[in-house]
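Below you'll find the structure, written out as structure tokens, and then a few comments.
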Amino acid sequence: MKAPEQHILFDLDDTLIHCNKYFGIVLGEFFEWVQQWFEPHQIKTEEIRSKQIEIDVAAVSQAGFSSGIFPKSLIETYRFFSRKFNRPVQPDEEKQLMELGLSVYEQEVEPYPGMVETLESLKSQGHHLYLYTGGETAIQQRKIDQMKLSQYFDDRIYITQHKNEATLENILKQGGFYRPSTWMIGNSLRTDVMPALSAGIHSIYIKQQNEWIYNMVELQKKPDSSLYTVTSIEEVPEVIHSKGIVASANALRQ
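Our numbering applies: residue 38 is where the sequence shown begins, and numbers increase by one.
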């Protein structure tokens, strides 16, 4: 039995393509630099990591997804330890940190296993696919172009610096989405799942092993919403198909 057509919004970073792992690589280099510069004080990696996360998350919560936030969080963390240990700030070191932080946006895009197969499967089944991603337009569009994702999403692409409940609600209203057959697929509880549940649409949470702490929030599921948790994008078509079959069968009984 064929499932009825669904409207499916996909997140981009760490849903379709890798993202966090590149930040992890850059942070690893940052930790080494700070420990080297402050060697006499023997700063532990976890202490550096904790301060950087604190600064980074606070800035993103206030300003949204801006490319300048991450490199500035490295510099602010460096300044914190400079004050703590009374070590003069070095302009050349801050310049190095800015360049290091910005380098994360220059990484070659790499898809998650099953990305193409998943999108092809859903497209072939007649579902309507949309891309909804947080970040700056130029950076996100570069990723979209490199992965040739327009062949699946065409002009149904939403890029926003503030990915939250208000933004998703606005997209759903302006697009005239029929909510009982609309899905949000993503790895972030904060920016993908929670707004979807608030809007009364279905959501598939793709749980990642090493998730950015900003994405982690406690959910309060609404009774009129459906939430499914998977560990791979390859599981998405079966979840949507099964849900659609059930909904169709229930409709026939009524």
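Quick reminder that beta carbons are idealized off the backbone N, C-alpha and C, glycines included.
As the structure is a prediction and not an experimental result, all values here were calculated from the model.
Supposed contact pair residue j and residue i - C-beta distance, whole angstroms, cut 8 angstroms
i, j, result
"residue 92", "residue 110", "5 angstroms"
"residue 45", "residue 222", "6 angstroms"
"residue 251", "residue 97", "6 angstroms"
"residue 220", "residue 72", "Contact doesn't hold; Cβ gap of about 44 angstroms is too wide."
"residue 236", "residue 209", "6 angstroms"
"residue 193", "residue 166", "7 angstroms"
"residue 115", "residue 130", "7 angstroms"
"residue 241", "residue 267", "6 angstroms"
Nearest-angstrom Cα separation, counted from residue j out to residue i
i, j, result
"residue 77", "residue 122", "10 angstroms"
"residue 48", "residue 154", "16 angstroms"
"residue 283", "residue 117", "Residue confidence for residue 283 is low, a pLDDT of 49 falling below 50, so the modelled location carries little weight; the figure read from the coordinates is stated next. C-alpha separation (whole angstroms): 55 angstroms."
"residue 189", "residue 243", "20 angstroms"
"residue 234", "residue 148", "27 angstroms"
"residue 59", "residue 163", "34 angstroms"
"residue 144", "residue 135", "16 angstroms"
"residue 293", "residue 94", "No answer is possible for residue 293: it lies beyond the span of the chain, which begins at 38 and ends at 291."
"residue 207", "residue 107", "27 angstroms"
"residue 212", "residue 128", "48 angstroms"
"residue 160", "residue 274", "10 angstroms"
"residue 67", "residue 132", "13 angstroms"
"residue 276", "residue 146", "27 angstroms"
"residue 125", "residue 176", "34 angstroms"
"residue 88", "residue 204", "29 angstroms"
"residue 120", "residue 69", "19 angstroms"
"residue 228", "residue 140", "24 angstroms"
"residue 152", "residue 113", "36 angstroms"
"residue 105", "residue 278", "40 angstroms"
"residue 178", "residue 41", "31 angstroms"
"residue 150", "residue 271", "8 angstroms"
"residue 102", "residue 50", "12 angstroms"
"residue 231", "residue 214", "18 angstroms"
"residue 99", "residue 269", "31 angstroms"
"residue 14", "residue 80", "Because the chain spans 38 through 291 in this model, residue 14 falls outside it and cannot be assessed."
"residue 245", "residue 180", "20 angstroms"
"residue 158", "residue 249", "29 angstroms"
"residue 61", "residue 74", "20 angstroms"
"residue 247", "residue 90", "14 angstroms"
"residue 195", "residue 83", "36 angstroms"
"residue 65", "residue 226", "25 angstroms"
"residue 216", "residue 191", "21 angstroms"
Reduced DSSP category for residue i - H, G, I as helix; E, B as strand; rest coil
i, result
"residue 43", "coil"
"residue 268", "coil"
"residue 288", "Caution is warranted here: a pLDDT of 41 is assigned to residue 288, below 50, making its placement in the model unreliable, and no coordinate value can be reported."
"residue 278", "helix"
Worksheet entry | alpha helix (DSSP H) segments (min. 4 residues) lying fully within the segment 89-168 | 106-121, 128-139, 152-161
Practice prompt. Run through the segment 203-266 for me and flag every whole alpha helix (DSSP H) of 4 or more residues, listed as ranges in chain order.
Written response: 231-236
Discussion item. Using 8 angstroms as the cut-off, can you tell me whether the segment 194-208 makes contact with the segment 161-176, which would need three or more C-beta pairs spanning the two stretches below that distance?
Written reply: yes
Discussion item. So within the segment 43-83, which uninterrupted alpha helix (DSSP H) runs reach at least 4 residues, ignoring any that extend past its ends?
Written reply: 57-74
Worksheet item: Can we say the segment 178-186 touches the segment 52-66, given the rule of at least three CB pairs closer than 8 angstroms?
Response: yes
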